[in-house]
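Undergrad: Got a structure here, written out as structure tokens. Questions coming.
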Amino acid sequence: MSSVEIRNVTKTFGRARALDDVSITFDDGAFFALLGPSGSGKTTLLRTIAGFSFPDSGTIRIGDRNVETTPVEKRDIGMMFQNYALFPNMSVADNIGFGLRVRRVSPSEEKRRIAEALDLVQLSDKAARMPHQLSGGQRQRVALARAIVTNPKVLLLDEPLSALDKTLRVDMQIELKRIQREIGITTIFVTHDQEEALILSDRIGILRDGKLVQVGHPRAVYDRPESAFAADFLGEANWLPEAALSGLALPQTTQASRFAVRPEALTLSAERPEGVNALPARLEQRVFSGAMATCIVTVEGQQWKLIARDRDLPDLPAQSPAWVSWTPADTITVPATAP
Ligand code: ATP
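Everything in the sequence shown is counted per the numbering used here, starting at 644 for the first residue and increasing by one.
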């Protein structure tokens, strides 16, 4: 059974429709990332599940209870928000145990559960420290321990890693995934970082203007976006110009369609390759970034991006005529009517 389910949730602020008839089933124990451009409704959805905001219509079920009118403290959730600071005057252990004391858990039980949570986030030796004596990453771990120590049914995370620098962020992603798997908690995560969503989640949902436009396994959404919006939002897409379509092997469709290819699915060559889709192009620019290189090419007057291992690229000077090619199976197809 799913742990969390929202059905037909709508939330308006004045005339703005922050959520427009959104329905999502969050699978038990799975990591779900909510993605979308700024203002698409991600935070509103998370706040509505948490109970900081109440929907105009629709239902929210957590476990076996409908909670859309239940206040936040009775919803059985754990939260870790970017701006959800630790109590500065309490030790690490006291910060973690706060929710247990509110719930009047016995002192011995509290001690046991704090020790367990500290062990889980690998901070057992820092129990007596004050928050200001910790690094940014350690503080995030304490916040995570505090969020899960009460064994909530669902963990809600709003950009929890965005204040961390790149290296620490990657470490924390690995850590967060390990902990989430270890305790098997249903997790709903809001992020701006698409790569982070792809790394962490079992499923992603893409919001646009308060509407859910696609839900699925990250790879499925990346490989088979259902709209031009989803294709452009999750990763990058080179759209095939109308003038280039004839002569290419394209998926059979019954409706008017648009076709695209991901930058990493393209191959650059000096000669026209056989047995694949190929278009004449001009190499504009090649940017080396270590293992990989990015090429900007012009195809039928449009700028395309191609990403390949630097060592796999032909030795061509800028402005050279070239060919871009891809296997037909790598063609992305979306209905022309899907925005
Ligand atoms: P961001 O990525 O920028 O955080 P978001 O996807 O989380 O954006 P929300 O914060 O959920 O988007 O906002 C969705 C829409 O609802 C926006 O148009 C926003 O201006 C509006 N909105 C959100 N909260 C309120 C509020 N309290 N009062 C009025 N409008 C609001």
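Beta carbons are placed, not taken as given, at the ideal position from N, Cα and C, and that holds for glycine.
In whole angstroms, what separates the C-alpha of alanine 871 from that of serine 700?
TA: About 29 Å.
Undergrad: With DSSP run on the structure shown, which of helix, strand or coil describes asparagine 738?
TA: Asparagine 738: helix per DSSP, three-state reduction.
Undergrad: Whether or not the stretch 698 to 714 and the stretch 677 to 684 are in contact is what I'm after, with contact meaning three or more pairs of Cβ atoms, one per stretch, closer than 8 Å; do they touch?
TA: No, the stretch 677 to 684 does not touch the stretch 698 to 714.
Undergrad: Can you tell which of Glu752, Gly780, Ala770, Lys754 has the C-alpha that lies nearest to the C-alpha of glutamine 725?
TA: Checking every option, the nearest Cα to that of glutamine 725 belongs to Gly780.
Undergrad: Just to confirm, does alanine 659 get its C-beta within under 6 Å of one of the non-hydrogen atoms of ligand 1?
TA: Correct: alanine 659 has its Cβ closer than 6 Å to ligand 1.
Undergrad: Any heavy atom of ligand 1 closer than 6 Å to the Cβ of phenylalanine 675?
TA: Flag unset: Cβ of phenylalanine 675 not near ligand 1.
Undergrad: If you draw a straight line from the C-alpha of valine 977 to the C-alpha of arginine 782, how long is it?
TA: Going from the Cα of valine 977 to the Cα of arginine 782 covers about 44 Å.
Undergrad: Pull up the distance between the alpha-carbon of alanine 806 and that of isoleucine 649, whole angstroms please.
TA: Those two C-alpha atoms are separated by around 29 Å.
Undergrad: Can you find at least 3 beta carbon pairs, one from the stretch 859 to 873 and one from the stretch 821 to 836, that sit closer than 8 Å?
TA: No, the stretch 859 to 873 does not touch the stretch 821 to 836.
Undergrad: Taking only the alpha-carbon atoms, compute the straight-line gap between isoleucine 975 and aspartate 671 and give it to the nearest angstrom.
TA: Going from the Cα of isoleucine 975 to the Cα of aspartate 671 covers about 31 Å.
Undergrad: Report buried or exposed for glutamate 943, applying the criterion of at least 16 other Cβ atoms within 10 angstroms of its Cβ.
TA: Exposed.
Undergrad: Can we count threonine 687 as close to ligand 2, meaning its CB is less than 6 Å from some heavy atom?
TA: This structure lacks ligand 2; the ligands present are ligand 1.
Undergrad: Name the one or two DSSP bridge partners that leucine 743 has.
TA: Looking at the DSSP assignment, leucine 743 forms no beta bridge with any residue, so it has no partner.
Undergrad: Flag this pair as yes or no: are the beta carbons of proline 906 and glutamine 945 separated by less than 7 Å?
TA: For proline 906 and glutamine 945, no; Cβs fall outside 7 Å.
Undergrad: When the Cα atoms are used, what is the spatial distance from glycine 878 to phenylalanine 902?
TA: When rounded, the distance between both Cα atoms is 15 Å.
Undergrad: What is the rounded straight-line gap between the Cα of serine 751 and the Cα of valine 745?
TA: Cα to Cα, the separation comes out at about 15 Å.
Undergrad: On the DSSP letters alone, give me the boundaries of the alpha helix (DSSP H) that methionine 815 sits inside.
TA: Segment 809 to 826, the alpha helix (DSSP H) holding methionine 815.
Undergrad: For a test of your reading of the model: does the CB of serine 683 fall under 6 Å from any non-hydrogen atom of ligand 1? Yes or no.
TA: Under cutoff, so the answer is yes.
Undergrad: Return the first residue and the last residue of the beta strand (DSSP E) that glycine 701 is part of.
TA: 700 to 705 is the span of the beta strand (DSSP E), which, as asked, contains glycine 701.
Undergrad: Is the beta carbon of phenylalanine 931 within less than 6 Å of some heavy atom of ligand 1?
TA: Checking the Cβ of phenylalanine 931 against ligand 1 gives no.
Undergrad: Are at least three pairs of beta-carbons, each pair with one atom in the stretch 714 to 725 and one in the stretch 755 to 775, less than 8 Å apart?
TA: The stretch 714 to 725, when compared against the stretch 755 to 775, does not touch it at the 8 Å Cβ threshold.
Undergrad: Evaluate phenylalanine 675 with the Cβ neighbour count: other Cβ atoms within 10 Å of its Cβ, from every protein chain shown; 16 or more gives buried, anything less gives exposed.
TA: When all chains shown are included, phenylalanine 675 counts as buried.
Undergrad: If I measure Cβ to Cβ from glycine 853 and keep anything under 6 Å in the same chain, skipping five residues before and after, which residues do I get?
TA: These residues qualify, in order along the chain: Arg660, Ala661, Leu662, Asp663, Gly684.
Undergrad: I believe methionine 733 touches leucine 800 by the beta-carbon criterion, under 8 Å. Please report the beta-carbon distance rounded to the nearest angstrom.
TA: Rounded, the Cβ-Cβ distance is 22 Å, inconsistent with contact.
Undergrad: So, for alanine 951: in the same chain, excluding its five sequence neighbours on each side, which residues have a beta-carbon less than 8 Å away from its beta-carbon?
TA: The residues are Glu907, Leu909, Thr910, Leu911, Met935, Ala936, Cys938.
Undergrad: How about glycine 679: is its Cβ closer than 6 Å to a heavy atom in ligand 1?
TA: Yes, Cβ of glycine 679 sits closer than 6 Å to a heavy atom of ligand 1.
Undergrad: Just list the beta strand (DSSP E) runs in the stretch 819 to 882, keeping only unbroken ones of 3 residues or longer that don't cross its boundaries, in chain order.
TA: Fully enclosed beta strand (DSSP E) runs of 3 or longer: 829 to 833, 846 to 851, 854 to 859.
Undergrad: In the DSSP output, which residue or residues are listed as bridge partners for aspartate 801?
TA: DSSP output for aspartate 801 lists Phe724, Val833 as bridge partner(s).
Undergrad: Does ligand 1 have even one heavy atom less than 6 Å from the beta-carbon of phenylalanine 656?
TA: True, at least one ligand heavy atom lies under 6 Å from that Cβ.
Undergrad: For the putative contact between arginine 925 and proline 964, defined by C-beta atoms under 8 Å, what is the C-beta separation to the nearest angstrom?
TA: Indeed, because the Cβ distance is near 6 Å, the residues count as touching under 8 Å.
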